[in-house]
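For reference, the structure discussed in these notes is given below.
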Amino acid sequence: MISAISQRQVFNVNDLNLWYGNNQALKNIQFDVNENEVTAIIGPSGCGKSTFIKTLNLMIQMVPNVKMSGEILFDGKNILSNKVDLVELRKNVGMVFQKGNPFPQSIYDNVTYGPKIHGTKKKGVLDEIVEKSLKDVALWDEVKDRLNAPALGLSGGQQQRLCIARALATKPEVLLMDEPTSALDPISTMKIEELVLELKEKYTIVMVTHNMQQASRVSDKTAFFLMGELVEMDNTEKIFSNPEDKRTEDYVTGRFG
Ligand SMILES: Nc1ncnc2c1ncn2[C@@H]1O[C@H](COP(=O)(O)OP(=O)(O)OP(=O)(O)O)[C@@H](O)[C@H]1O
Ligand SMILES: [Mg+2]
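Quick note on the numbering used here: the sequence shown kicks off at 209 and runs consecutively.
Below you can see the structure in the form of structure tokens.
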């Protein structure tokens, strides 16, 4: 076992508070993310999972009247300070949503969208990015003969994998996923789960899920949120077998939530 290697931390969230107007949605969150791990976020509806994951690339700032305090260190730099380049941050911290939301363009144009914004123009380079990103999400063989066909003609599961490919095309360090399989059938879900396990070799993943089996299958760490608080965060195995907090135990054993 090579377990003594100390893992680099990609995010350190310290004492994060967040308000929508006067309503506090996150309270004193302390949350670290290790490189090349999958961190799952679980908890009942309305507990702040989506709010929290959207703070990690500051997508949350698109919501009016949001106020935050505390610190979010990404690679050691506080992204809540004024000097953050949002375009650069979102290139490094990609996001995938609940329902695949490809742009109404071709498969090819969906994948090259981000790289083009960041200045890549050469067709050869773009072609390579398309092939590599689609191979990374195990979609290449299914679509290589129709790259110019509309993305909206793909199945739901394929659309979701395309959206992951689109996020990967800018070579992010971190991939945020908010319930990426909740709109998918079991087979597409399984494909995404297998993909997540492969992707963590190269990327760091933070994933919200309502599916506890999914959390235990794919994640290294699990964080349990309740009413805006992070109740407990630990190795996934521990959270599901022997959590410290009674509330975590009640939730993972299905006694409430
Ligand atoms: N744009 C918004 N404006 C005001 N309040 C909001 C906004 N978005 C979320 N909230 C509130 O913040 C709290 C947390 O919501 P959030 O969407 O983060 O929960 P969640 O854990 O992702 O829930 P679900 O499992 O249903 O997706 C809720 O009380 C919600 O009503
Ligand atoms: Mg949510």
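Note that beta-carbon positions come from the ideal geometry of N, C-alpha and C, so glycine has one too.
Selection from R216, N419 and S390 that minimises the alpha carbon distance to G308: Reading the sequence shown from its first residue, position 100 is the one you call residue 308. Taking only the C-alpha atoms, the option nearest G308 is S390.
Return the first residue and the last residue of the alpha helix (DSSP H) that T397 is part of. Within the sequence shown, numbered from 1, the residue matching residue 397 stands at position 189. Taken as a continuous stretch (DSSP letters only), the alpha helix (DSSP H) holding T397 covers P394 to L407.
Endpoints, the alpha helix (DSSP H) within which N300 is located: The sequence position of residue 300 within the sequence shown is 92, counting from 1. Start and end: L294 to N300.
So for N182, helix, strand or coil by DSSP? Limits of the chain in this structure are 209 at one end and 465 at the other, which puts residue 182 out of reach.
In three-state terms, what does DSSP make of P358? Along the sequence shown, one-based indexing puts residue 358 at 150. Reduced to three states, the DSSP call for P358 is strand.
Can you find the residues in the same chain that come closer than 7 Å, C-beta to C-beta, to L334, ignoring five residues on each side of it along the sequence? Numbered from its first residue, the sequence shown carries residue 334 at position 126. T320, P323 and T328.
Heavy atom of ligand 2 within 8 Å of V416 beta-carbon: What you label residue 416 is simply residue 208 of the sequence shown in a count that begins at 1. Checking every heavy atom of ligand 2 against the Cβ of V416, one is found closer than 8 Å.
Excluding the 5 residues flanking A233 on each side, which residues of the same chain have their C-beta closer than 6 Å to its C-beta? On the sequence shown, residue 233 is found 25 positions in, with the first residue counted as 1. The beta carbon of A233 lies closer than 6 Å to those of L226, G256, T259 and G436 in the same chain, with the five residues before and after it left out.
Pick from L347, S314, I250 and Y316: whose alpha carbon is nearest that of D386? The sequence position of residue 386 within the sequence shown is 178, counting from 1. Checked all of L347, S314, I250 and Y316; the closest Cα to D386 is I250.
Name the residue from G254, N265 and I315 whose alpha carbon lies nearest to the alpha carbon of Q368. Your numbering for residue 368 matches position 160 in the sequence shown. Comparing Cα positions, the closest option is I315.
Secondary structure of A346, DSSP reduced to three states: Indexing the sequence shown from 1 puts residue 346 at position 138. A346: coil per DSSP, three-state reduction.
For ligand 1, enumerate in chain order all residues having a CB closer than 5 Å to any of its heavy atoms. Y228, A233, S253, G254, C255, G256, K257, S258, T259 and V271
Selected residue, minimal CA-CA separation from T378, among S341, T412, L407 and I400: On the sequence shown, position 170 is the one that residue 378 refers to. Ranking the options by Cα distance to T378, first place goes to S341.
Under DSSP, the alpha helix (DSSP H) around Q367 begins and ends at which residues? Locating residue 367 in the sequence shown gives position 159, where the first residue counts as 1. Start and end: G364 to L376.
Tell me, which residues are paired with D240 by DSSP? Counting from one through the sequence shown, the residue named residue 240 turns up at place 32. BP columns for D240 point to N220.
Following a CB-centred definition, is E437 positioned closer than 8 Å to any heavy atom of ligand 2? Here the question's residue 437 lines up with position 229 in the sequence shown. No.
Does the region 422-440 touch the region 399-406, meaning 3 or more C-beta pairs lie closer than 8 Å? These segments touch.
Evaluate V295 with the Cβ neighbour count: other Cβ atoms within 10 Å of its Cβ, from every protein chain shown; 16 or more gives buried, anything less gives exposed. As a working note, residue 295 is residue 87 in the sequence shown. Residue burial annotation: V295 is exposed, with fewer than 16 other C-beta atoms found within 10 angstroms of its C-beta.
Can you give me the C-alpha to C-alpha distance between V304 and E336, rounded to a whole angstrom? Within the sequence shown, residue 304 is the residue found at index 96, counting from 1. Within the sequence shown, residue 336 is the residue found at index 128, counting from 1. When rounded, the distance between both Cα atoms is 22 Å.
On the premise that I287 lies in contact with L266, defined as a C-beta separation below 8 Å, what is that separation, rounded to the nearest angstrom? Reading the sequence shown from its first residue, position 58 is the one you call residue 266. Reading the sequence shown from its first residue, position 79 is the one you call residue 287. About 6 Å separates the beta carbons of L266 and I287, which is inside the 8 Å limit, making them a contact pair.
May I ask you to check if the CB of E457 is nearer than 8 Å to at least one heavy atom of ligand 2? Against the sequence shown, residue 457 aligns to sequence position 249. Because no heavy atom of ligand 2 lies under 8 Å away, the Cβ of E457 does not count as near it: no.
Using the Cα positions of F239 and S277, report the straight-line distance between them to the nearest angstrom. If you number the sequence shown from 1, residue 239 lands on position 31. If you number the sequence shown from 1, residue 277 lands on position 69. Straight-line Cα distance between these residues: approximately 14 Å.
State the Cα-Cα distance for the pair D458 and P388, rounded to the nearest angstrom. Your numbering for residue 458 matches position 250 in the sequence shown. Your numbering for residue 388 matches position 180 in the sequence shown. Cα to Cα, the separation comes out at about 25 Å.
In angstroms with no decimal places, state the Cα-to-Cα distance between T263 and L405. Taking the first residue of the sequence shown as position 1, residue 263 is located at position 55. Taking the first residue of the sequence shown as position 1, residue 405 is located at position 197. Taking the straight line joining both Cα atoms gives about 24 Å.
Alpha-carbon to alpha-carbon, D293 and Q269: Locating residue 269 in the sequence shown gives position 61, counting from the first residue. Locating residue 293 in the sequence shown gives position 85, counting from the first residue. For Q269 and D293, the distance between alpha carbons rounds to 13 Å.
Would you verify that the beta carbon of G278 is, or is not, closer than 9 Å to some beta carbon of chain B? Of the chains in the structure shown, none is chain B; there is only one protein chain.
Identify which residue in M441, E243, C371 and A431 has its Cα closest to the Cα of G302. The residue you call residue 302 lines up with position 94 of the sequence shown. Residue C371 is the option with its Cα nearest to G302.
Rounded to a whole number of angstroms, what is the C-alpha to C-alpha distance between M415 and R374? By one-based count along the sequence shown, residue 415 stands at place 207. By one-based count along the sequence shown, residue 374 stands at place 166. Cα to Cα, M415 sits roughly 17 Å from R374.
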